[in-house]
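At position 76 of the first sequence the residue is numbered 77 (our numbering), and the sequence of numbers has no breaks.
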Amino acid sequence: MSHRTIHLFRKGLRLHDNPVLLGALCSSAALFPVFVLDERVCVGALRCRFILQSLEDLDSRLRALGSRLYVLRGSTLAVLGDLVTRWAVTQISYDTEVEPHHARVEQEIRALAEERGLHTHTCVSHTLYDVRRIIQAAGGSPPLTYRKFLHVLSALGEPEKPCRDISAEDFLRCPTPPDHQLAFGVPSLADLGLEVQSAVLWPGGETHALQRLHTHFQSQGWLASFSKPRTVPNSLLPSTTALSPYLSVGCLSARTFYRRLSRVYAQAKNHSLPPVSLQGQLLWREFFYTVASATPNFTKMEGNPICLQIDWYHEPESLEKWRTARTGFPWIDAIMTQLREEGWIHHLARHAVACFLTRGDLWISWEEGMKVFEEFLLDADYSLNAGNWMWLSASAFFHKYTRIFCPVRFGRRTDPQGQYLRKYLPVLKNFPSQYIYEPWKAPEDVQVSAGCIIGKDYPCPMVCHIEASQRNLALMRQVRTEQQKTAELTRDVADDPMEAGLKRELQEEEELLEGAEPCSKSKRVSGSADHKSRPSGWPPEVT
DNA sequence: TCGGAGTTGATTGT
DNA sequence: ACAATCAACTCCGA
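Shown next, in the form of structure tokens:
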């Protein structure tokens, strides 16, 4: 076969372990590497910068092999339809992705191919396994706990091996047509109307990804003994690999990383295991991809069958304080600052701010937090972001909601001097360590000599953590009791519709007596005024 | 119906 | 630093 092929890059911005591109090259006399920049690529400026850098890198790696990357703007389908005609294309290749937006585009591509009589070439290479195989092996529905997930995987065996790197020879039979003009170059951030002030800590691209990977593999002992809960959320340099941004756009292949870890484990006397090991982290990624692929409305609460239905508060001002690092809790604000400026924060730091926003303190929907993370995280990912937000808000997967992170003590445990806080919140840098996690408790003279008056130079804490978390705990208990009742009713309906009807009437009567609104469709705790009111005396007067 | 497990709490004591 | 204790929820399998 000698096709004229468009290889559509979406994720998978790499030339190592890229089986679809390799396969397409083998069957092509000409191949056009294409990336379509649509508005979804430019959600946040930091991430957009990262993606543009990744495209630049891909282009220069392709150039080294005698090819070029063609970057176009518009909708994928419209761009492809146009290029197919212009370049007399006979085949389109692309990685199969599971998230709804990408799946929709794939459907459109298949329809286009059908209409124009084109070949398509595709398979999965973003995850360790094709998650459809996992779901099949699990009997049709995804496992909702990690252990069960691992159990299902044990029946599937090891993930597929990464394929060989693509070399110049692979491109020999398909030279770049001479019409690669300025029009197909990678645009700058400014071209897209975006601007970023902060320095580049995580330069995008396969080259950087492989360099970072290489550096980590110099410390094989560290890789083998890696244990996630033991890593420190507030170290000044990442205590984990921080390869997630590269994995998220496929600058680094999860299969390559996994395989290389297997080799290290084989050499090590003993090594850590999932869930805490490094391979365990890749399997967490796989876990959330699997569940997300089989759950409708995975990034929403409503219509999401695995998500607890909660009447979260609608408090735009509180949300904005959290988003812009003005909660008054240095631990929370430092993390949000690192997130906004650098685009990467440690997993446990994500726990801290997510718990604070949702079930811990503010009782604001995890969807709001998810959107903020989507805007700022370099590694923002449809499945992982939503999955972890549901986890942390105890909406799904995780149920021990009585375990609430304390926004003062959690950070202090691993950084009692508050170095991390001083770095990201310089306004607090002169506070004595004793007060730096709760500066509002510092006497006036201490505040004066630190050059930072609480309530003026740095905000007062926006809530009383003890009171808020106790109130939220009670709310959560209520939600779950209500939901349990509904579940019982639903079960009864299946058993005995008549009796269940009676029971429901009785229950509604009860609720009317209590002054609660009967709500037959979905049981939610009412976010009534007494829950919403903040304790009067708070925030404390600044003396 | 009961007991054990669930990726990583907080506090207190050694 | 590590262990025991606290107080405690949901799900699942026996």
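Built from N, CA and C at the ideal position, the CB exists for glycine as well.
| Item | Value |
| --- | --- |
| Here's the rule I'm using: 16 or more other beta-carbon atoms within 10 Å means buried, otherwise exposed. How should Trp223 be labelled? | exposed |
| Can you find the residues in the same chain that come closer than 6 Å, C-beta to C-beta, to Val90, ignoring five residues on each side of it along the sequence? | Arg5 and Ile7 |
| Considering only their Cβ atoms, is the gap separating Ala335 from Tyr425 smaller than 8 Å? | yes |
| Report the rounded CA-to-CA distance for Ile437 versus Glu207, giving the unit in angstroms. | 40 Å |
| Go ahead and pull the three-state DSSP assignment for Gln92. | strand |
| For Leu173, count neighbouring Cβ atoms within 10 angstroms of its own Cβ and tell me buried if that reaches 16, exposed if not. | exposed |
| So, for Pro234: in the same chain, excluding its five sequence neighbours on each side, which residues have a beta-carbon less than 6 Å away from its beta-carbon? | His347, Leu349 and Ala350 |
| For the alpha helix (DSSP H) that contains Tyr383, what are its first and last residues? | Tyr383 to Leu393 |
| Considering only the alpha carbon of each residue, which of His127, Val265 and His400 lies closest to Ser226? | Val265 |
| Near Thr232, which residues of its chain fall below 6 Å by C-beta distance, leaving aside the five closest residues on each side in sequence? | Ser240 and Thr241 |
| Quick one: complete beta strand (DSSP E) runs, 3+ long, within the stretch 397-448? | none |
| Quick test of your reading: Leu202 and Cys43, contact by CB under 8 Å. State the CB separation rounded to the nearest angstrom. | Not really, about 20 Å apart at Cβ, beyond 8 Å. |
| Return the CA-CA distance between Trp390 and Trp367, expressed in angstroms with no decimal places. | 6 Å |
| DSSP puts Val72 in a beta bridge; with which residues? | Phe36 |
| Can the beta-carbon of Phe10 be found closer than 8 Å to that of Val35? | yes |
| Would you decide whether His315 is buried or exposed? Buried here means 16 or more other CB atoms lie within 10 Å of its CB. | exposed |
| Could you work out which residue in Leu16, Ser76 and Arg48 is closest to Ala65 when comparing CA atoms only? | Leu16 |
| If you follow the alpha helix (DSSP H) that His209 is part of, which residue opens it and which one closes it? | Glu207 to His217 |
| Which partner residues does Leu274 have in the DSSP bridge list? | DSSP output for Leu274 lists no bridge partner at all. |
| To the nearest angstrom, report how far apart Phe299 and Gln212 are at their CA atoms. | 34 Å |
| Check whether the Cβ atoms of Val153 and Pro160 sit closer than 8 Å, and answer yes or no. | no |
| Is it buried or exposed for Gln339, if we count other Cβ within 10 angstroms and need 16 for buried? | buried |
| Could you compute how far the alpha carbon of Ser126 sits from the alpha carbon of Ala25? | 14 Å |
| Under the DSSP definition of a beta bridge, which residues are partnered with Leu359? | It should be noted that the sequence gives Thr, not Leu, for residue 359. Per DSSP, none; premise fails for Thr359. |
| From Met477, Thr86, Ser94 and Val21, pick the residue whose C-alpha is nearest to that of Asp312; which is it? | Met477 |
| With Phe10 as the anchor, note down where its beta strand (DSSP E) starts and where it stops. | His4 to Phe10 |
| Compute the beta-carbon to beta-carbon distance between Leu81 and Ile93, rounded to the nearest angstrom, for a pair I have assumed lies under 8 Å. | 7 Å |
| Are the CB atoms of Leu253 and Leu244 nearer to each other than 8 Å? | yes |
| Taking the continuous beta strand (DSSP E) assigned at His122, which residues delimit it? | His120 to Cys124 |
| Quick check on Ser240: does DSSP put it in helix, strand or coil? | coil |
| With DSSP run on the structure shown, which of helix, strand or coil describes Lys522? | With a pLDDT of only 28 at Lys522, under the threshold of 50, the placement of this residue in the model should not be trusted; the figure read from the coordinates follows. Of the three classes helix, strand and coil, the one that applies to Lys522 here is coil, per DSSP. |
| Out of Lys430, Glu100, Leu59 and Ala114, point me to the one whose CA is closest to Asp83's CA. | Ala114 |
| By Cβ distance below 6 Å, which residues in the same chain neighbour Leu14 in space, the five residues on each side in sequence not counted? | Ser55, Leu59, Val250, Gly251 and Cys252 |
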